[in-house]
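Every letter in the sequence shown is one number past the one before it in UniProt numbering, and letter 382, counting from 1, is 382.
Working notes, structure below.
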Amino acid sequence: MTTKNSTHAPFPGHPGAARRVSDLLPVFPWDKLEPYKTTALAHPGGLCDFSVGTPVDPVPEVIQKALAAATDTPGYPTVWGPLELREAIAGWLRHRLGAEIGPRAVLPTVGSKELVAWLPTQLGLGPGDQVAYPRLAYPTYEVGARLCGAEPVEYDSVDELDGSRVRLLWVNSPSNPTGRVLGARELRRAVAWAREHRALLVSDECYLELGWEAEPVSVLHPEVCGEGGHEGLLAVHSLSKRSNLAGYRASFVAGDPVVVKELLEVRKHGGMIVPAPVQAATAAALGDDAHVAEQRERYAARRAALRAALEAYGFRIEHSEASLYLWATQDRPCWETVAELAELGILVAPGDFYGPAGARFVRVAFTATDERVAAAVERLSAAAAAR
Numbered sequence: 001m002t003t004k005n006s007t008h009a010p011f012p013g014h015p016g017a018a019r020r021v022s023d024l025l026p027v028f029p030w031d032k033l034e035p036y037k038t039t040a041l042a043h044p045g046g047l048c049d050f051s052v053g054t055p056v057d058p059v060p061e062v063i064q065k066a067l068a069a070a071t072d073t074p075g076y077p078t079v080w081g082p083l084e085l086r087e088a089i090a091g092w093l094r095h096r097l098g099a100e101i102g103p104r105a106v107l108p109t110v111g112s113k114e115l116v117a118w119l120p121t122q123l124g125l126g127p128g129d130q131v132a133y134p135r136l137a138y139p140t141y142e143v144g145a146r147l148c149g150a151e152p153v154e155y156d157s158v159d160e161l162d163g164s165r166v167r168l169l170w171v172n173s174p175s176n177p178t179g180r181v182l183g184a185r186e187l188r189r190a191v192a193w194a195r196e197h198r199a200l201l202v203s204d205e206c207y208l209e210l211g212w213e214a215e216p217v218s219v220l221h222p223e224v225c226g227e228g229g230h231e232g233l234l235a236v237h238s239l240s241k242r243s244n245l246a247g248y249r250a251s252f253v254a255g256d257p258v259v260v261k262e263l264l265e266v267r268k269h270g271g272m273i274v275p276a277p278v279q280a281a282t283a284a285a286l287g288d289d290a291h292v293a294e295q296r297e298r299y300a301a302r303r304a305a306l307r308a309a310l311e312a313y314g315f316r317i318e319h320s321e322a323s324l325y326l327w328a329t330q331d332r333p334c335w336e337t338v339a340e341l342a343e344l345g346i347l348v349a350p351g352d353f354y355g356p357a358g359a360r361f362v363r364v365a366f367t368a369t370d371e372r373v374a375a376a377v378e379r380l381s382a383a384a385a386a387r
């Protein structure tokens, strides 16, 4: 027998349901790009897709072997992972970033996007709290705030923010989408502000090993965090870009051991576990520098070729001193540029995906194959010559 309420109330998840989570979120931006992708696909020479920074090169053999060797693991892995993995992460943080840290202050995560999206919720933030992030930013910072009911707030300078309400402060260096690198002085200023106002500062450093015209520094480096050590600080890292492991969802967070322990306790209940073979692959990837140097060389060549072609075509490149992107503008609305390039079979991301401040820019990822980069360079050069 059904009641009057059950007859008329929508099922959870159906339109009109109370507290329907998707109603809290913005439209998924990449869906807007589909018509332009259709245009680009129709080009006789095929699509040159520079819209998403997804790796296309092979997973290094040392990582594949580590993954394969760990496939016979029928038991449950742990959320924290084995000590060997956490020591490998801590060792890499010391060796590569100069961070003085131990294995109790690191935690593997199921990809960095998952952590970014759910971190405010897992930290207990909610209505009345603010989550602050750069004015040009990865969209998932805003999503994370909305999922827990907190207020998302953009900033150019931390001095603009309300220190009485901001509970989580995101910094991102090298930046997605601009490739801008924050120096140690700028990071120290953000750390000082966050500590003064007792906000947790979380530094998204997923592109840190991809500096081209600047040397990125971690918020965990003693020159940045100072005598306060890692109190009130977290750094997020991913192996997707530097090791071609986007498909593995291999990443980790490190920093304040008290916060890391709290995240561990919450994530144990939620079953947020990195699969055991991926844990083994992560340790192998962090222990090998050779494949990172090889991949950097590939990206450097693609970056140089695309930058020259874009500038010859009439683009101005701003920032872009690091990361996997060129932040380019023709000083006109970004969607006009997207449409123009789609006619050449070239797909790029409109800058307003990353906030209104990007409305006259496009983001060009140089993660496509050498062959596709060369095809795009040829098309841009021919179009520039025909003008």
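Built from N, CA and C at the ideal position, the CB exists for glycine as well.
Owing to the predicted nature of the structure, the values given are computational and were not obtained by experimental measurement.
I'd like to know whether the C-beta atoms of Y138 and V158 end up nearer to each other than 9 Å. no
The segment 138–148 in contact with the segment 231–248 per 3-pair CB rule at 8 Å: No, the segment 138–148 is not in contact with the segment 231–248.
From Y36, P58 and F50, pick the residue whose C-alpha is nearest to that of H291; which is it? P58
Pick from P177, S173, G163 and N172 that is closest to W193, judged by C-alpha positions: G163
Ignoring anything shorter than 4 residues, give me the alpha helix (DSSP H) runs that lie fully in the segment 252–300, in order along the chain. Taking only runs of at least 4 residues, the alpha helix (DSSP H) segments lying wholly in the segment 252–300 are 257–270 and 276–286.
Can you tell me whether Q122 is helix, strand or coil according to DSSP? helix
Would you call residue 400 buried or exposed, if buried means 16 or more other Cβ atoms sit within 10 Å of its Cβ? Limits of the chain in this structure are 1 at one end and 387 at the other, which puts residue 400 out of reach.
Exposure label - D129; buried when at least 16 CB within 10 Å: buried
Would you grab the beta carbon distance between Y325 and G179 for me? Rounded to a whole angstrom, and I think it's under 8 Å. 5 Å
Answer with buried or exposed for F28, where buried requires no fewer than 16 other C-beta atoms within 10 angstroms of its C-beta. exposed
Report all residues from its chain with a CB closer than 6 Å to the CB of K268; omit the five preceding and five following residues, and keep chain order. For K268, where only same-chain residues beyond five positions count, the Cβ hits under 6 Å are V79.
In three-state DSSP terms, what is R86? In the three-state reduction of the DSSP assignment, R86 falls in the helix class, which pools H, G and I.
Using C-beta distances below 6 Å, list every residue in its chain close to M1, excluding the 5 sequence neighbours before and after it, in chain order. Its pLDDT being 45, under 50, M1 is placed unreliably in this model, and the value from its coordinates should be taken loosely. The answer is none, since no qualifying residue turns up.
Tell me whether W327 sits in a helix, a strand or coil according to DSSP, three-state version. strand
Run the CB neighbour count on Y207, radius 10 Å, all protein chains shown included, and call it buried at 16 or more, exposed below. buried
Could you tell me the boundaries of the alpha helix (DSSP H) in which D370 lies? D370 to A386
Kindly give me the distance between the Cβ atoms of G111 and R249, rounded to whole angstroms, as I take these residues to be in contact under 8 Å. 4 Å
In terms of alpha-carbon separation, which member of P26, D49 and T54 lies closest to G345? D49
Based on Cα-Cα distance, which residue from C334, G45, I89 and K32 lies nearest to A281? Taking only the C-alpha atoms, the option nearest A281 is I89.
Just to confirm, are A375 and G45 a CB contact at a threshold of 9 Å? yes
Local Cβ density within 10 Å of Y313, reported as buried at 16 or more and exposed below that: Looking at its Cβ environment, which holds 16 or more other Cβ atoms inside 10 Å, Y313 is buried.
Exposure label - Y354; buried when at least 16 CB within 10 Å: buried
Excluding the five sequence neighbours on either side, which residues of its own chain have a C-beta within less than 7 Å of the C-beta of T121, listed in chain order? L147 and C148
Length of the line joining the Cα atoms of G255 and V181: 20 Å
Do you know offhand how far E154's Cα is from R86's? 34 Å
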